[in-house]
Amino acid sequence: MAKKNQLDLNDSTIERITLNVHSMVDDRVERGIDVTRSMRCDSCGEEKPAAGSSLYGAYKLCNDCLLDLTIAIASGRSETVVDFMTNQVEGEAPPPASLAEERDRHTIARSALHSRDKLLPSNEPV
2 MAKKNQLDLN DSTIERITLN VHSMVDDRVE RGIDVTRSMR CDSCGEEKPA AGSSLYGAYK
62 LCNDCLLDLT IAIASGRSET VVDFMTNQVE GEAPPPASLA EERDRHTIAR SALHSRDKLL
122 PSNEPV
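Here the sequence shown stands for residues 2 to 127, where the numbers follow our numbering.
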């Protein structure tokens, strides 16, 4: 597949995407789903609140990584979740953030995450 052109998303677009992804947490709270459970995110590898998490393909993503994936797809940096999971290179991936903290996508320091050596979960091809 050919990479589509990368887009610079404007502040308004990023804000709408952020509100939409974070609204998944509010939706689950309103439906009475237990939001105190935790889950291990396949992208950042951290234990995060299950609230707002999503099963995206074969990957469990916390709300923060789901937001990063959504922005990466919208901007053309990634085409699929597999592309996102395998092609994050040092210096490009934003650090995972806590759901408890307010996220400012424009001032967040971009620190290097380790490149992924393999796909997760284990049923993906090596």
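Glycine included, every Cβ here is placed at the ideal spot set by N, Cα and C.
Is it right to say residue i is buried, meaning 16 or more other beta carbons lie within 10 angstroms of its own, or is it exposed?
| i | result |
| --- | --- |
| Ser99 | Note that Ser99 scores a pLDDT of 38, beneath 50, so its modelled location is shaky; the value from the coordinates is reported in the next line. Per the 10 Å Cβ criterion, exposed. |
| Asn64 | buried |
| Arg78 | buried |
| Thr71 | buried |
| Asp105 | With a pLDDT of 42 at Asp105, under the threshold of 50, the predicted position of this residue should be treated as unreliable, though the coordinate-derived value follows. With fewer than 16 other Cβ atoms within 10 Å, it is exposed. |
| Asp9 | exposed |
| Val82 | buried |
| Leu56 | exposed |
Considering just the uninterrupted stretch of the beta strand (DSSP E) at residue i, what are its terminal residues?
| i | result |
| --- | --- |
| Arg41 | 39-41 |
| Ser55 | 55-57 |
Please state whether DSSP places residue i in a helix, a strand or coil.
| i | result |
| --- | --- |
| Leu8 | coil |
| Glu47 | coil |
| Glu103 | In this prediction, Glu103 scores a pLDDT of 44, lower than 50, which makes its location untrustworthy; no coordinate-derived value is stated. |
| Arg29 | helix |
Quick check: is any heavy atom of the ligand GTP less than 8 Å from the C-beta of residue i?
| i | result |
| --- | --- |
| Leu56 | Absence of the ligand GTP is noted for the structure shown, with no ligands found whatsoever. |
Note the first and the last residue of the continuous alpha helix (DSSP H) segment covering residue i.
| i | result |
| --- | --- |
| Ser71 | Per the sequence shown, residue 71 should be read as Thr rather than Ser. Taken as a continuous stretch (DSSP letters only), the alpha helix (DSSP H) holding Thr71 covers 64-76. |
| Thr87 | 82-87 |
Under 9 Å, do residue i and residue j count as touching if we go by C-beta distance?
| i | j | result |
| --- | --- | --- |
| Met86 | Tyr60 | yes |
| Thr37 | Leu68 | no |
| Val22 | Gly58 | no |
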